[in-house]
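What follows is one structure encoded as structure tokens, with my remarks underneath.
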Amino acid sequence: MRGLLLIAIALVALFHGYAVATVRLSKPVISPEFEMSKYDNQLEKELPARPFSLEYWSPDLIPKIYFNLWVNNVSYSPFDIGTVNVLYPDCPHYQVVSRHKNYEESWDSIFKRLSKVPVGMRQWTGNILFLPARSTTAFQLGSSVTFTKALHNLGVAAHEFTHVLDAFALADYVQANGYKPGTRYSETSMWADAYNRDSATATPYGRTNWVENFADAGRFAMSDMTTQGGIISRHSNWSGIATQNANYRRRLEHIIFPEGFPRGGLCTGKVPGSPAVWKSTGEERDVNEGMDERKRKRNKHRVRRVPVGAENIPIIVLPDFKSEPVVYRGP
């Protein structure tokens, strides 16, 4: 638990004064409960893998967001973190991925699994970090998500990427409905109304608060989107969360899969990664000046060209407000 404790301390220090509401939700968990491993395996089977190409950062550089986490006592050295720009064929902008040298899974395995994450989730995520923490934890921090080995599967990925979509992808819609900047969709009456029309909560963890409720509803809505006929409707008591499932899909399915599933489509924009800083000083440096020239090469999963129609896809500029950290402690 020490890794989780240090992460929690760091997040509180980094975002002092920002905390997700901890009011527990009242509705019981759907019965019988969903078998998480069953749905995780279904996502592994149904979501298509994509080719990728790589560009390695200099070993002297680290994304600023992860340097700041180290400064605030997360238990790793920045010198143990490597970073790679990953290019998938459905978006012309790089996905920035970082990995601790002792993380239990290879770079190649990480890139392959991330290739299965739908483009609409990846486009809103600036940075992704993989740590060998002993505790079962994952967390979302702004447009960044972090995983440990115990929680690196597509079900948890859907949960964590949903946190990012909740905070940013629906921000314009939330503000257009009268809420102040920085309000997550899950914290609005629009989501509460959907929940209140149902008789159950998707998971025990989903009862923690509105934010976790929305993310776990998304975990199973993702399975519903990617199975012909919908996998949720095959559950004996699926009607207990039917309104939540429908609300999630109505708000986010066209964002997650711009051209529907399984085609997916191209990204409509991309949140950039955190600026590169020197590990020794924390000072910013243009990442293009710090690429590792020895590794500036394509791997066997070669991406031959930027996809047609994607040449002018814009960078997404996120609103200028602090987003509270959200820590996932596992089922």
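So the sequence shown is residues -21 to -1, 1 to 310, counted in mature numbering (1 follows the signal peptide of the UniProt record, and there is no 0).
Built from N, CA and C at the ideal position, the CB exists for glycine as well.
#1: Report the residue from Trp170, Leu26, Tyr152 whose alpha carbon sits nearest the alpha carbon of Gly239.
#2: Answer with buried or exposed for Glu14, where buried requires no fewer than 16 other C-beta atoms within 10 angstroms of its C-beta.
#3: Taking the DSSP output, what are the residues bridged to Gly61?
#4: Which residue from Ser32, Gly219, His72, Asn20 puts its Cα closest to that of Asn291?
#5: With distances taken between CB atoms, is the gap from Val256 to Leu297 smaller than 9 Å?
#6: Who does Ile107 pair with in a DSSP beta bridge?
#7: Whole angstroms are fine: how far does the CA of Asp69 sit from the CA of Pro7?
#8: Could you tell me the alpha carbon to alpha carbon distance between Pro11 and Leu40, rounded to whole angstroms?
#9: According to the Cβ coordinates, are Ile235 and Met201 closer than 9 Å?
#10: Please classify Ala136 as buried or exposed, where buried requires at least 16 neighbouring CB atoms within 10 angstroms.
#11: Please report the distance separating the alpha-carbon of His79 from that of Ser123.
#12: Ignore the nearest five residues each way along the sequence and tell me which others in Ser253's own chain have a CB closer than 8 Å to its CB.
#13: Kindly indicate the opening and closing residues of the alpha helix (DSSP H) around Gln35.
#14: With 16 other CB atoms within 10 Å as the buried threshold, where does Arg273 fall?
Per the coordinate set shown:
#1: Distance from the Cα of Gly239 is smallest, within the candidate group Trp170, Leu26, Tyr152, for Leu26.
#2: Classified as exposed, Glu14 has fewer than 16 neighbouring CB atoms from the shown chains inside 10 Å of its CB.
#3: Answer is Arg78, bridged to Gly61.
#4: Closest option to Asn291, Cα to Cα, is His72.
#5: In this structure, Leu297 does not lie closer than 9 Å to Val256 by Cβ.
#6: The bridge partners DSSP lists for Ile107 are Val76, Val124.
#7: Approximately 40 Å between the Cα atoms of the pair.
#8: Distance from the CA of Pro11 to the CA of Leu40, rounded to the nearest whole angstrom, comes to 48 Å.
#9: With contacts defined as CB atoms closer than 9 Å, Ile235 and Met201 qualify as a contacting pair.
#10: With 16 or more other Cβ atoms within 10 Å, it is buried.
#11: If you draw a straight line from the Cα of His79 to the Cα of Ser123, it comes to about 15 Å.
#12: Closer than 8 Å at Cβ, skipping near neighbours: Pro42, Lys43, Ile44, Tyr45, Val75, Gly105, Asn106, Ser123.
#13: According to the sequence displayed, residue 35 carries Tyr and not Gln. Premise fails: Tyr35 lies in the beta strand (DSSP E), 32 to 35, not in any alpha helix (DSSP H).
#14: Residue placement at Arg273 is flagged as unreliable, the pLDDT there being 49, under the threshold of 50; the coordinate-derived value follows with that caveat. It is exposed - the Cβ of Arg273 has fewer than 16 other Cβ atoms within 10 Å.
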